[in-house]
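Some notes on the structure that comes next.
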Amino acid sequence: MTPNELKQRTMQFAVRVLKLADALPNKPSGRAIANQIARSGTSVAANYRAALRGKSRADFLNKITIVLEEADETGFWIKLTELAGLLPSKRLNALRQEAEELMRIFNATRTTTRNRKS
111 MTPNELKQRT
121 MQFAVRVLKL
131 ADALPNKPSG
141 RAIANQIARS
151 GTSVAANYRA
161 ALRGKSRADF
171 LNKITIVLEE
181 ADETGFWIKL
191 TELAGLLPSK
201 RLNALRQEAE
211 ELMRIFNATR
221 TTTRNRKS
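Convert by adding 110 to the 1-based position in the sequence shown; the result is the number in this note's numbering.
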């Protein structure tokens, strides 16, 4: 997958997360999760774009680590949404899977970059 394709994929992920946030019930628990998941899910795309503009390998690694953390946090909020019974599992499964796939991609990217000779 090219960096541009991954940039598009993370943008689509952010859009899907925002739609999920909008679907959460308008009650304290739903609003709390909606706010958190919207922030972490959109941060995946925004921080990946920033990583692509990294000034050095260390800068790139730092930003990719942030992307990985945000994807992991988004997965947490998706799981909490399910456990709290705010949305049905069927509605969350594909987005949870995408968060997990993105985590694997960004973890591999981080590992490869760390192991690459200068």
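Here a beta-carbon is modelled for each residue, glycine too, at the ideal position from N, C-alpha and C.
Given the structure is predicted, the values throughout are model-derived calculations rather than measurements.
A194 has its alpha-carbon roughly 42 Å from the corresponding atom of R226. Residue burial annotation: M111 is exposed, with fewer than 16 other C-beta atoms found within 10 angstroms of its C-beta.
Between F170 and A161 the beta-carbon gap is near 6 Å, inside 8 Å, which marks them as a contact. L134 is not a Cβ neighbour of L190, given a cutoff of 7 Å. Distance between K173 and S199, taken at the CA atoms: about 31 Å. Per DSSP, reduced to three states, the secondary structure at S166 is coil, with no helix or strand assignment. In this structure G185 does not touch A218 by the C-beta definition: roughly 16 Å separates them, more than the 8 Å allowed. Rounded to whole angstroms, the gap between the alpha carbons of I215 and A168 is 18 Å.
Per DSSP, the unbroken alpha helix (DSSP H) holding A204 starts and ends at 199–225.
In the structure shown, the three-state DSSP call for K189 is helix. Counting only residues of its own chain and dropping the five nearest sequence neighbours on each side, S139 has a CB closer than 7 Å to the CB of A194, L196. Between the beta-carbon of L212 and that of A181 there is about 5 Å, and that keeps the pair under the 8 Å contact cut.
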